[in-house]
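Numbering (our numbering), first residue to last: 9 to 395.
We treat Cβ as the ideally placed atom computed from N, Cα and C, and that holds for glycine.
Given the structure is predicted, the values throughout are model-derived calculations rather than measurements.
Report on the following structure.
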Ligand code: NZQ
Ligand code: ZN
């Protein structure tokens, strides 16, 4: 195990009705806030009114930024930066899923930066002095509620790029599982696939001696297997929503990668290319690509870890590592399909005429992945295998 520093500084307020503590959490960091949310689900569910009531009770001044889309756009970021500057705001509250939270991180980073916020995503500028942010999470998937990562799309250039900084970790996140009761089957399933994919990205490495990290990772995967179909078929099951919600947060807050050299993240880079162009739901893209990637990277070097996964998660008894790995990959595919997630790009009507562009885009800053390094040709093969 490598040396590491682990500091996941976000305060998590987990459980039903924790929204009543919102004003006191905000007051510790600011008093003039940007209230940011998505396309309307929070109005339909009544959450919007509850939040307005809480803010008004405590006379917290707020300005609204609404309409943040899934695969959030740089234009929403620019608008948010303008609002923060025009109204002299000192805190941002995001209410929603990963898209809203990623968008407010980019806004927070952009307010005190002289240039355009897109610079953070093309490695043209470093993040310094972001505004503090807090979140009310409404969809369990990305882990954005407790990490410093953000992913923003630029439709003009057909790019979707990641950025991040530890200072972008939310100061607090309210995780009330009942707020996810209204998430539909498709988004719930995509969320479960995303959580599992975050574990895969950090579990499938060649590091040695990380038993505890692997054990935590396997526990989170088992949680997804146990509760994945329940959140879809019994959406108001508190136990299932609560377990998936906490799993999503733990899967990408630094816990399972600490002590390892780095995560792999090739599959995410490839998926971001797909959703940049076709606006596909992130988890659906991962459902198509992860089993294909696993099969593609299977080699003498990687077979032992893939076999460990197959044996510990899917109870595969095969003593041959490669055969066990292949059986585990098939089980993964079957599980994603059982959740109603797609297995091929053609299933979601994605043609293959932009595969070259996507492969080049995924490798814009050089080859990707650590479990097996992938160059443009390798990424192209994976995309072709995913048709
Ligand atoms: O916009 P509204 O009306 O709120 O509807 C949203 C949206 O249409 C809806 N929704 C959210 N909460 C709901 C709800 N509907 C009913 N009831 C609720 N309680 O769900 C739809 C999808 O929301 P979105 O925020 O896009 O989903 P998710 O949380 O999966 O976020 C996906 C985005 O996060 C990025 C992805 O690339 C994608 O852009 N990621 C961010 C990461 C990070 N910051 O660490 C890591 C991930 O790997 C990922 O790349
Ligand atoms: Zn993801």
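Query - Proximity winner among 394, 33, 126, 231, relative to residue 141 (alpha-carbon distances) - result: The count along the chain shown starts at 1 and reaches residue 141 at position 133. Of 394, 33, 126, 231, the residue nearest in Cα terms is 33.
Nearest-angstrom Cα separation, counted from residue 185 out to residue 30 | One-based indexing of the chain shown puts residue 30 at position 22. One-based indexing of the chain shown puts residue 185 at position 177. Using only the alpha carbons, I get a separation of about 16 Å.
| query | Looking at C-beta atoms only, is the number of pairs between the region 85-92 and the region 129-137 that lie closer than 8 Å three or more? | reply | no
What does DSSP give as the partner residue(s) for residue 400 in the beta ladder? Outside the shown range of the chain, which is 9 to 395, sits residue 400, and nothing can be said about it.
- When the distance is taken between beta carbons, is residue 257 closer than 8 Å to residue 210? Sequence index remark: in the chain shown, residue 210 carries index 202 (1-based). Sequence index remark: in the chain shown, residue 257 carries index 249 (1-based). With contacts defined by Cβ atoms closer than 8 Å, residue 210 and residue 257 do not form a contacting pair.
Considering residue 349, what are the terminal residues of the beta strand (DSSP E) in which it resides? As a working note, residue 349 is residue 341 in the chain shown. Taken as a continuous stretch (DSSP letters only), residue 349 belongs to no beta strand (DSSP E), as it is neither H nor E.
### Message
Please report the distance separating the alpha-carbon of residue 282 from that of residue 288.
### Response
In the chain shown, counting from the first residue as 1, residue 282 sits at position 274. In the chain shown, counting from the first residue as 1, residue 288 sits at position 280. When rounded, the distance between both Cα atoms is 7 Å.
Q.
Given this structure, state the Cα-to-Cα distance separating residue 266 from residue 323, to the nearest angstrom.
A. The sequence position of residue 266 within the chain shown is 258, counting from 1. The sequence position of residue 323 within the chain shown is 315, counting from 1. Using only the alpha carbons, I get a separation of about 27 Å.
Whole-angstrom C-beta distance between residue 38 and residue 98, which should lie under 8 Å:
Against the chain shown, residue 98 aligns to sequence position 90. Against the chain shown, residue 38 aligns to sequence position 30. About 4 Å; that satisfies the 8 Å criterion.
| task | Could you spell out the range, first to last residue, of the alpha helix (DSSP H) harbouring residue 289? | result | Residue 289 sits at position 281 when you count from the first residue of the chain shown. Here residue 289 belongs to no alpha helix (DSSP H), and DSSP marks it neither H nor E.
Please state whether DSSP places residue 12 in a helix, a strand or coil. Numbered from its first residue, the chain shown carries residue 12 at position 4. Here residue 12 sits in coil by DSSP.
Taking just the CA atoms, how far does residue 272 sit from residue 212? Taking the chain shown and counting its residues from 1, the one referred to as residue 212 is at position 204. Taking the chain shown and counting its residues from 1, the one referred to as residue 272 is at position 264. If you take the alpha carbons of residue 212 and residue 272, they lie about 7 Å apart.
Less than 7 Å between the CB of residue 245 and some heavy atom of the ligand NZQ, yes or no? On the chain shown, residue 245 is found 237 positions in, with the first residue counted as 1. Incorrect: residue 245 has no Cβ contact closer than 7 Å to the ligand NZQ.
For a test of your reading of the model: does the CB of residue 57 fall under 7 Å from any non-hydrogen atom of the ligand NZQ? Yes or no. Position 49 of the chain shown, counting from 1, holds the residue named residue 57. It does not: the Cβ of residue 57 is nowhere closer than 7 Å to a heavy atom of the ligand NZQ.
| request: Determine, using beta carbons only, whether residue 216 and residue 296 come nearer to each other than 8 Å. | output: Counting from 1 along the chain shown, the entry for residue 216 is found at position 208. Counting from 1 along the chain shown, the entry for residue 296 is found at position 288. No, Cβ-Cβ distance for residue 216 and residue 296 is not below 8 Å.
Is the region 336-355 touching the region 292-307, taking contact as three or more C-beta pairs under 8 Å?
yes
- When DSSP labels each residue in this structure, what does residue 67 get in the three-state scheme? The residue labelled residue 67 in the question sits at position 59 within the chain shown. In this structure, residue 67 counts as coil in the three-state DSSP scheme.
Review point. For residue 131, does the three-state DSSP call read helix, strand or coil?
Key: In the chain shown, counting from the first residue as 1, residue 131 sits at position 123. DSSP places residue 131 in coil when its eight states are reduced to three.
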